[in-house]
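Working notes, structure below.
Numbering (UniProt numbering), first residue to last: 1 to 236.
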């Protein structure tokens, strides 16, 4: 009797878009060694074409490309796909980071970078993506409290936490993107609207209120994390 065939899981496909041949080579070697299928492109147009042709599970993207700005590549991909995009760039200014995140990037790693850090960011991005409907789950359990999207309520220690409509909109936006950095302007736009995109003081006030209501130790938050100059991240 022949042994039953085993079903294998296809390797995760990663598209690397960077005009530096040394970085392309290093990433191809390292990612392949860690079990990824790697596609590469050395400019923006080739990157957009490769994204369509190969439908990768994640994209690692440089912003300083010779033909297109990386943000234009993000916009092009986001017009048809929600694939995780990790920006890998030498641009360290917070303005550049915020712009990339607001355009649709999922994470931002600055050059020079540690391969272990990039691999960890990549694993997290793919895990969030392949979890599929985490954003559609009716309840998220953060350990210290639960968020019920259907009922629009948060429960802590068995007691419903009173949240204002604005506080709920903030926690819902962050929780539906848990583990993912949400840029300040994106959060302001989604909660208050485009006219408030520069009112970052609103976020400081409301995040402080949410921490007092939800965090076990508000001064050392475990769930509502601030990424200075960039945005906020909700961690389970």
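Just so it is clear, CB atoms sit at the ideal spot from N, CA and C, and this is done for glycine as well.
Inter-residue Cα distance where the pair is residue i and residue j
i, j, result
"residue 5", "residue 173", "A caution first: residue 5 carries a pLDDT of 40, below 50, which makes its placement in the model unreliable, though a value can still be read off. Computed Cα separation, rounded: 43 Å."
"residue 23", "residue 43", "13 Å"
"residue 87", "residue 108", "5 Å"
"residue 164", "residue 205", "13 Å"
"residue 26", "residue 148", "44 Å"
"residue 233", "residue 226", "6 Å"
"residue 142", "residue 194", "30 Å"
"residue 175", "residue 118", "23 Å"
"residue 53", "residue 39", "10 Å"
"residue 106", "residue 74", "10 Å"
"residue 41", "residue 79", "19 Å"
"residue 243", "residue 168", "Lying outside 1 to 236, the shown extent of the chain, residue 243 is not represented and no answer is given."
"residue 138", "residue 150", "6 Å"
"residue 161", "residue 191", "20 Å"
"residue 95", "residue 11", "35 Å"
"residue 48", "residue 220", "41 Å"
"residue 218", "residue 208", "8 Å"
"residue 184", "residue 177", "14 Å"
"residue 122", "residue 81", "17 Å"
"residue 171", "residue 156", "14 Å"
"residue 223", "residue 188", "19 Å"
"residue 210", "residue 62", "35 Å"
"residue 34", "residue 180", "23 Å"
"residue 182", "residue 55", "24 Å"
"residue 64", "residue 166", "37 Å"
"residue 16", "residue 89", "12 Å"
"residue 236", "residue 216", "13 Å"
"residue 152", "residue 113", "40 Å"
"residue 135", "residue 128", "Confidence in residue 135 is poor, its pLDDT being 46 and thus under 50, which makes the residue's placement unreliable; the coordinate value appears in the next sentence. Roughly 10 Å separates the two Cα atoms."
"residue 36", "residue 83", "16 Å"
Extent of the continuous beta strand (DSSP E) run through residue i
i, result
"residue 217", "Taken as a continuous stretch (DSSP letters only), residue 217 belongs to no beta strand (DSSP E), as it is neither H nor E."
"residue 234", "231-234"
"residue 141", "139-141"
Closest residue to residue i among the options (Cα-Cα distance)
i, options, result
"residue 67", "231, 120 and 18", "18"
"residue 14", "229, 220 and 60", "60"
"residue 284", "178, 220 and 229", "In this structure the chain extends from 1 to 236, so residue 284 is not present and cannot be described."
"residue 46", "70, 30, 83 and 36", "70"
"residue 158", "120, 144 and 100", "144"
"residue 57", "77, 72, 65 and 63", "77"
"residue 154", "209, 213 and 115", "213"
"residue 186", "65, 104, 127 and 93", "104"
"residue 100", "72, 126, 114 and 116", "72"
"residue 28", "115, 83 and 97", "115"
"residue 197", "102, 113 and 125", "102"
"residue 31", "120, 93, 146 and 140", "120"
"residue 124", "20, 146, 51 and 85", "85"
"residue 200", "146, 140 and 98", "98"
DSSP three-state assignment for residue i, whether helix, strand or coil
i, result
"residue 224", "strand"
"residue 11", "coil"
Original post:
Which runs of the alpha helix (DSSP H) fall wholly inside the segment 149-202 and span at least 4 residues, in chain order?
Top reply: 165-175 and 184-191
Original post:
What residue ranges within the UniProt domain "Response regulatory" (13-126) form continuous alpha helix (DSSP H) runs of no fewer than 4 residues, ordered along the chain?
Top reply: 21-33, 44-54, 70-78 and 94-103
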